[in-house]
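In numbering that gives the first Met the number 0, the protein residues as written are 0 to 251.
Every residue gets a Cβ at the ideal spot worked out from N, C-alpha and C, and that includes glycine.
Being a predicted model, the structure only gives us computed values, none of them experimental.
Following: one structure in structure tokens, then a few remarks.
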Amino acid sequence: MVADGAIGSWGAAMYEPYSDNPSTSGFFVVSEQDLKDYIPRYLNDGWQVNVHCIGDRANGEVLDIFEASLKARDVRALRPRIEHAQILRPQDIGRMARLGLIASVQPKQATSDMVYADARLGERVKSSYAYQSLLRAGGRITLGSDMPVESGNPLVTFHAAVTRVDAKGDSPQGPGGWYPEEKLTRMQTLRGLTLDAAYASFSEHEVGTVEVGKRADFVVLDRDIMAIDGQDILDTKVLATVVDGVVQFGSF
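Structure follows, in structure tokens:
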């Protein structure tokens, strides 16, 4: 389900008006009543419910609905997800973790939006794109690309997650990264793109790690992205792609 619009168009649903456009606080794409009606109905039928939420109001109100709907339920069996979880009130970071919701986030959005997010959000930006804060609170995340809005190349996602700078190595706060305390470690990023992504799609027993009993899905790279300089990640080349044990691209 899609709760609200995007920050770039001032469409993400916010509790307070945008700092650079006080005439609007965004909007819901579907009515709040529909969200209240359909989310518990889908959960009752055993569906994994994934809701696109970008603004703090969209996230907060959808969390309210999940909190009421998940009582006495096994959240691990349902694995509901908040897609994007971009702008959160500080208290909702901990609440998302406590409820067991999966924050499905796209690190490249942070390095794309950073050129205007401070002006658009003001102080609210400090709890936005808060990937490390979600993990510190005990939450579970999964990483994605937001293709086709962003590049589908997972190395672009990896670079954005661990550096929080653009392709030129810069950010509004300099080469150290935009709100660098929210950078993910390389191991957190690798896990977020593999095992955590598999868990978020109920496929962790089939894919997500290379081990006996799972499908042999992996890539061979021309350098070690766990050790090289962060900017060199973007220059990394794929030597081979293996899907279910069969080489589909290149060789090694």
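Query	Result
Thinking just about the alpha-carbon of each residue, which of 34, 215 and 163 is nearest to the one in residue 243?	215
Give the secondary structure of residue 183 by DSSP, where H, G and I count as helix, E and B as strand, and everything else as coil.	coil
Can you give me the Cβ contacts of residue 14 inside the same chain, cut-off strictly under 6 angstroms, excluding the 5 residues immediately before and after it?	55 and 56
Could you check how far apart the C-beta atoms of residue 118 and residue 127 are, in whole angstroms? I think they sit under 8 angstroms.	That pair is no contact at about 13 angstroms.
Can you give me the C-alpha to C-alpha distance between residue 141 and residue 96, rounded to a whole angstrom?	13 angstroms
Hey, how far is the Cα of residue 5 from the Cα of residue 59?	16 angstroms
So the candidates are 21, 66 and 129; which of them puts its Cα closest to the Cα of residue 265?	No information on residue 265 is available, as it lies outside the stretch 0 to 251 that the chain covers here.
Whose CA, out of 107, 184, 123 and 40, lies closest to the CA of residue 151?	107
Out of 78, 101, 149 and 90, state which residue places its alpha-carbon closest to the alpha-carbon of residue 112.	149
Under the three-state reduction of DSSP, which class applies to residue 3: helix, strand or coil?	strand
Since residue 155 is in the alpha helix (DSSP H), which residue starts that stretch and which ends it?	153 to 162
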